[in-house]
Ligand SMILES: [Zn+2]
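Numbering (this note's numbering), first residue to last: 2 to 94.
Written out as structure tokens, the structure reads:
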């Protein structure tokens, strides 16, 4: 148990280009079937893209098609809505 390796995988947010530990980021995956999914486990096979979870980054990722470009496919509106729900923490404004 003592030599359990703690490898930290670093990934980059497609929007702000900030690097963070993979588990801090939201992973979006395009599966082999061409489906776009949000992957909370980080283990889904497919082409992955990452967002840091900042609302601004999400907005910019969709406005600039950064997410579609990273995944090389269209990102469905339903995924956008799901992501929006994920990043909404407090509505302070
Ligand atoms: Zn970001």
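Virtual Cβ for every residue (Gly too), placed ideally from N, Cα, C.
Keep in mind that this is a model prediction, so the values were computed, not measured.
CA-to-CA distance, residue j to residue i, given in whole angstroms
i: residue 66; j: residue 46; result: 22 Å
i: residue 56; j: residue 5; result: 35 Å
i: residue 16; j: residue 85; result: 15 Å
i: residue 130; j: residue 22; result: Lying outside 2 to 94, the shown extent of the chain, residue 130 is not represented and no answer is given.
i: residue 80; j: residue 7; result: 31 Å
i: residue 53; j: residue 19; result: 8 Å
i: residue 43; j: residue 30; result: 9 Å
i: residue 69; j: residue 36; result: 12 Å
i: residue 9; j: residue 77; result: 30 Å
i: residue 38; j: residue 13; result: 18 Å
Residue i: CB within 6 Å of a non-hydrogen atom of ligand 1
i: residue 20; result: no
i: residue 98; result: Residue 98 is absent from the model: the chain starts at 2 and stops at 94.
i: residue 55; result: yes
i: residue 79; result: no
i: residue 58; result: yes
i: residue 74; result: no
i: residue 16; result: yes
Assigned exposure category for residue i - 16 Cβ within 10 Å defines buried
i: residue 27; result: buried
i: residue 72; result: buried
i: residue 33; result: exposed
i: residue 89; result: exposed
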